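Student:
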DNA sequence: CGCCTATTTGATAGCCGTCAACCGGAGTGG
DNA sequence: CCACTCCGGTTGACGGCTATCAAATAGGCG
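Chains as they are written, first to last, in our numbering: chain A, 7 to 254; chain U, 7 to 254.
What follows is the structure, encoded as structure tokens:
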């Protein structure tokens with residue numbers, strides 16, 4: 007089974023948290039879908055819309071985003087390959103935030119009806135979707151703590167640690183370094199700083215030897231020290247645990 | 007049916023978002039549970055724990071909370087009567103944040119196994135739980151925007167608007183005013199400010215005529231103006247919509 | 001009345017934002 | 001092959017919002 011399909015990536019992602027059996031995997035891979043490619047900054051979901059399908063990020067990076075009345079933008083999360091981008095629309099009709107492509111992206115778009123029906127027929131899959139949503143919620147809570155209660159240095163370091171750790175879970179990191187395709191302005195929107203201050207803070211982290219940069223590639227010469235500086239504790243990512251009992 | 011039970015409050019809350027039929031309601035009310043009373047500041051869930059049951063807030067207020075390495079505390083949400091406090095443990099084994107009583111509280115505690123089994127047998131109930139979780143996630147995202155991209159005045163005003171609106175949904179507001187049982191220090195932890203600055207900001211909102219205060223009771227002499235000052239748009243609360251199709 | 005906690009107020013300091021200019025690499029067109 | 005352009009990154013000067021520190025006031029409760 008599991009001939010090549012773009013949805014293998016989704017299977018792998020869900021399987022990180024919940025043990026799927028072969029039938030579950032086959033059911034996921036059999037989901038109807040179209041693959042679409044979008045250029046950087048394209049909107050994948052717009053606040054207020056009711057998207058007809060849910061998008062899975064196959065390749066590239068994306069982010070969730072929301073705007074304040076005065077035009078200020080807050081990036082709410084960074085999504086990496088394998089991440090479902092709007093699974094919440096299994097449950098809500100109306101998008102409450104925007105999802106935008108960070109780089110060139112490839113998406114698999116699955117009709118909501120098909121997702122609903124597979125999650126009705128296979129409780130473990132429904133459970134895996136719910137777990138995925140809860141892990142995202144946990145990450146958002148950590149971001150709230152990050153923006154609310156950490157200074158610029160700690161905040162940026164924490165973001166770098168999180169992305170590195172999540173990418174490693176998908177085997178997208180080379181010897182403790184990775185390409186972070188975000189401009190400093192986007193980093194600022196994610197950390198609630200300004201691009202200028204992000205620049206200064208990155209340089210200071212670099213001077214301290216906590217990170218090394220070459221264009222947008224980031225390396226971690228001293229991962230332990232960076233984690234310590236960030237106060238980074240990966241438990242909120244809920245890795246490792248192959249979730250609880252599946253329902254039932 | 008629906009003889010008096012503390013769980014009627016849960017039924018009502020879930021029914022705000024998803025239309026439950028009589029059998030769903032009966033199944034919810036039939037859930038085994040114990041009622042427990044806790045004093046202010048008691049921990050209801052501790053980060054790292056695996057609670058054996060899920061708590062429903064029957065009476066009083068509670069909040070979610072997380073600590074940074076340096077001791078800074080970020081309040082992640084305010085929970086009002088009717089709110090499930092840790093439905094996420096239907097899906098995750100390990101708590102990623104703390105839940106604490108704000109006032110004297112009365113809880114109904116339902117064993118996780120019973121919740122799982124009812125959500126297996128009644129897809130609409132499972133759907134309602136998931137919708138509830140997603141609405142909470144949406145609120146957290148709005149808080150991230152609030153803390154990240156609004157100044158102190160707007161931020162506090164937004165929090166007041168949100169709590170007022172949610173309380174109104176549960177008919178807990180008297181002629182546009184309510185008792186907000188939070189100290190200014192707790193307001194500070196929710197808005198990522200300091201108690202001193204919360205104090206000054208509240209006074210300034212009061213001087214502008216946007217709020218009136220009498221001890222911890224808050225009134226809104228000019229609700230529209232407050233909403234405007236806060237940039238408050240209640241769509242993120244996902245009220246009004248009786249969710250989508252129930253699954254299936 | 002006395003203690004404790006919460007609120008209020010003032011003075012001072014600092015982190016980070018704002019504004020503005022300059023630099024530097026990548027792509028484009030001549 | 002080199003100017004031109006553009007976007008993003010870098011740097012400096014300055015200002016402001018909010019934190020910090022400290023002390024006084026006010027309420028609640030024994």
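Note that the Cβ used here is the ideal one computed from N, Cα and C, for glycine as well.
The structure presented is a predicted model; accordingly, all values stated were derived computationally and were not measured.
(1) What are the boundary residues of the alpha helix (DSSP H) that residue 22 of chain A is part of?
(2) Please name the residues in the region 123-139 of chain A whose beta-carbon is closer than 8 Å to at least one beta-carbon of chain U, in chain order.
(3) What does the alpha-carbon distance come out to for the pair residue 33 of chain U and residue 65 of chain U?
(4) If contact is defined by three or more beta carbon pairs under 8 Å, each pair taking one atom from either stretch, is the region 70-85 of chain U in contact with the region 139-147 of chain U?
(5) For residue 106 of chain A, would you say it is in contact with chain U, using Cβ-to-Cβ distances shorter than 7 Å as the test?
(6) Quick test of your reading: residue 176 of chain U and residue 88 of chain U, contact by CB under 8 Å. State the CB separation rounded to the nearest angstrom.
(7) Could one say the Cβ of residue 82 of chain A lies closer than 7 Å to chain U's Cβ atoms, at least one of them?
(8) Measuring CA to CA, which of U/20, U/23, U/11 and U/98 is closest to residue 24 of chain A?
(9) Find out if the Cβ-Cβ distance for the pair residue 26 of chain A, residue 60 of chain A is shorter than 7 Å.
(10) For chain A, find out if any of its Cβ atoms is closer than 7 Å to the Cβ of residue 242 of chain U; answer yes or no.
(11) Is the beta carbon of residue 116 of chain U closer than 7 Å to that of residue 37 of chain U?
(12) Short of 7 Å in beta carbon distance, which residues of its chain neighbour residue 20 of chain U, apart from the five on each side in sequence? Order them along the chain.
(13) Closest by CA to residue 230 of chain A, which one among A/164, A/67 and A/131?
(14) Identify the contact partners of residue 72 of chain A in chain U, using a Cβ-Cβ distance below 7 Å as the criterion.
(15) Which whole-angstrom value describes the C-beta separation of residue 112 of chain U and residue 17 of chain U, a residue pair presumed to lie in contact below a C-beta threshold of 8 Å?
(16) Is residue 211 of chain A helix, strand or coil when you go by DSSP?
(17) Is residue 102 of chain A close to chain U, meaning its C-beta is less than 7 Å from at least one C-beta of that chain?
(18) Below 8 Å on C-beta distance, what does residue 194 of chain A contact in chain U?
(19) Taking Cβ positions only, does residue 214 of chain U come closer than 7 Å to chain A?
(20) Against residue 88 of chain U, what residues of chain A qualify as contacts under a CB-to-CB distance less than 8 Å, listed in chain order?
(21) Could you check how far apart the C-beta atoms of residue 70 of chain A and residue 95 of chain A are, in whole angstroms? I think they sit under 8 Å.
(22) Excluding the 5 residues preceding and the 5 following residue 183 of chain U in the sequence, name in chain order all residues of the same chain whose CB lies nearer than 7 Å to its CB.
(23) Counting along the chain, where does the alpha helix (DSSP H) carrying residue 128 of chain U start and finish?
(24) Applying the criterion that 16 or more other CB atoms from any shown protein chain within 10 Å of the CB defines a buried residue, is residue 197 of chain U buried or exposed?
(25) Which term fits residue 58 of chain U, buried or exposed, when burial requires 16 or more other beta carbons within 10 angstroms of its beta carbon?
(26) I need the DSSP call for residue 74 of chain A, collapsed to helix, strand or coil.
(27) By alpha-carbon positions, which one of A/204, A/121 and A/212 ends up nearest to residue 90 of chain A?
(28) What residue range does the alpha helix (DSSP H) around residue 217 of chain A cover?
(29) Starting from residue 175 of chain A, trace the alpha helix (DSSP H) both ways and give me its first and last residue.
(30) One question on the structure: do residue 191 of chain A and residue 205 of chain A come within less than 7 Å of each other, judged by their Cβ atoms?
(31) Would residue 251 of chain A be called buried (16 or more neighbouring beta carbons within 10 Å of its own) or exposed?
(32) Need the endpoints of the beta strand (DSSP E) that residue 85 of chain U sits in, please.
(33) Under the assumption that residue 256 of chain U contacts residue 124 of chain U (Cβ atoms under 8 Å), give the Cβ distance between them as a whole number of angstroms.
(34) What residues in the region 198-226 of chain U bring their beta carbon closer than 7 Å to a beta carbon of chain A?
(35) To the nearest angstrom, how far is it from the Cα of residue 173 of chain A to the Cα of residue 179 of chain A?
(36) Below 9 Å between beta carbons is the criterion; list the residues of the region 49-71 of chain A that meet it against any residue of chain U, in chain order.
Tutor: According to the structure shown:
(1) 14-23
(2) Using a CB distance below 8 Å, the part of the region 123-139 of chain A facing chain U consists of 123, 125, 126, 129, 132, 133, 136, 137 and 139, ordered along the chain.
(3) 22 Å
(4) Output reads yes: the region 70-85 of chain U touches the region 139-147 of chain U.
(5) no
(6) The pair is a contact, with the Cβ atoms about 5 Å apart (cut-off 8 Å).
(7) yes
(8) U/98
(9) no
(10) yes
(11) yes
(12) 26, 134 and 138
(13) A/164
(14) The contacting residues are 147 and 151.
(15) The Cβ separation is near 16 Å, so there is no contact.
(16) helix
(17) Chain U, which has a Cβ nearer than 7 Å to the Cβ of residue 102 of chain A, makes this yes.
(18) Near residue 194 of chain A there are no residues of chain U at all, since even the closest Cβ is about 10 Å away, more than 8 Å.
(19) no
(20) By Cβ distance, chain A contributes nothing, its closest Cβ being about 19 Å from residue 88 of chain U, past 8 Å.
(21) About 13 Å separates the two Cβ atoms, so there is no contact after all.
(22) Excluding its 5 nearest sequence neighbours in each direction, residue 183 of chain U has C-beta neighbours in its own chain below 7 Å: 223, 224, 225 and 226, listed in chain order.
(23) Unbroken run through residue 128 of chain U: none, as it is neither H nor E.
(24) buried
(25) exposed
(26) Three-state DSSP puts residue 74 of chain A in coil, outside helix and strand.
(27) A/121
(28) Careful: residue 217 of chain A lies outside any alpha helix (DSSP H) and carries neither H nor E.
(29) 158-175
(30) no
(31) Low confidence applies here, because residue 251 of chain A scores a pLDDT of 34, under 50, leaving its location unreliable; read the following figure in that light. Per the 10 Å Cβ criterion, exposed.
(32) 79-85
(33) No information on residue 256 of chain U is available, as it lies outside the stretch 7 to 254 that chain U covers here.
(34) 198
(35) 6 Å
(36) 53, 54, 56 and 70
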